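Enquirer:
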Amino acid sequence: EKNISIENIHTEIVGSAQSDKQTFKVGAQLLVPVKLPVDELRQQLDALAQEMVVDIALGEKPAPEV
């Protein structure tokens, strides 16, 4: 719908030394259209995070020159 592509994805299960609790982590590099404002993307991801009961962190990296 927003023309966002997953360029790279990494998953891992991280355990805690203090407990038996494990956390599933996903890291993804997304290709986001320039016309999509970062604030709008962040707002939509925050809503999705609340719906899914997960934490989502968004870091920005400039697109490579073509």
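Read left to right, the sequence shown gives residues 549 to 614 (my numbering).
Think of the CB as a built atom: it goes at the ideal place given N, C-alpha and C, for glycine as much as any other residue.
None of these values were measured; they are calculated from a predicted model.
(1) Could you check if residue 589 belongs to the surroundings of the ligand ATP, using beta carbon to heavy atom distance under 6 Å?
(2) In whole angstroms, what separates the C-alpha of residue 580 from that of residue 553?
(3) From which residue to which residue does the beta strand (DSSP E) around residue 597 run?
(4) Relative to the alpha-carbon of residue 563, which residue among 572, 551 and 599 has its alpha-carbon at the smallest distance?
(5) Taking the alpha-carbon positions, what's the residue 556 to residue 570 distance?
Expert: So, from the listed chains and residues:
(1) Although the ligand ATP was asked about, the structure shown includes no ligands whatsoever.
(2) Working through the sequence shown from its first residue, we reach residue 580 at position 32. Working through the sequence shown from its first residue, we reach residue 553 at position 5. If I take the Cα positions, the gap works out to 7 Å.
(3) Counted from its first residue, the sequence shown places residue 597 at position 49. Where residue 597 is concerned, there is no enclosing beta strand (DSSP E), although the alpha helix (DSSP H) it sits in stretches over 586–600.
(4) As a position in the sequence shown, residue 563 is number 15, starting the count at 1. If we check each option's Cα against that of residue 563, 572 comes out closest.
(5) The residue given as residue 556 occupies position 8 in the sequence shown. The residue given as residue 570 occupies position 22 in the sequence shown. One C-alpha to the other measures close to 23 Å.
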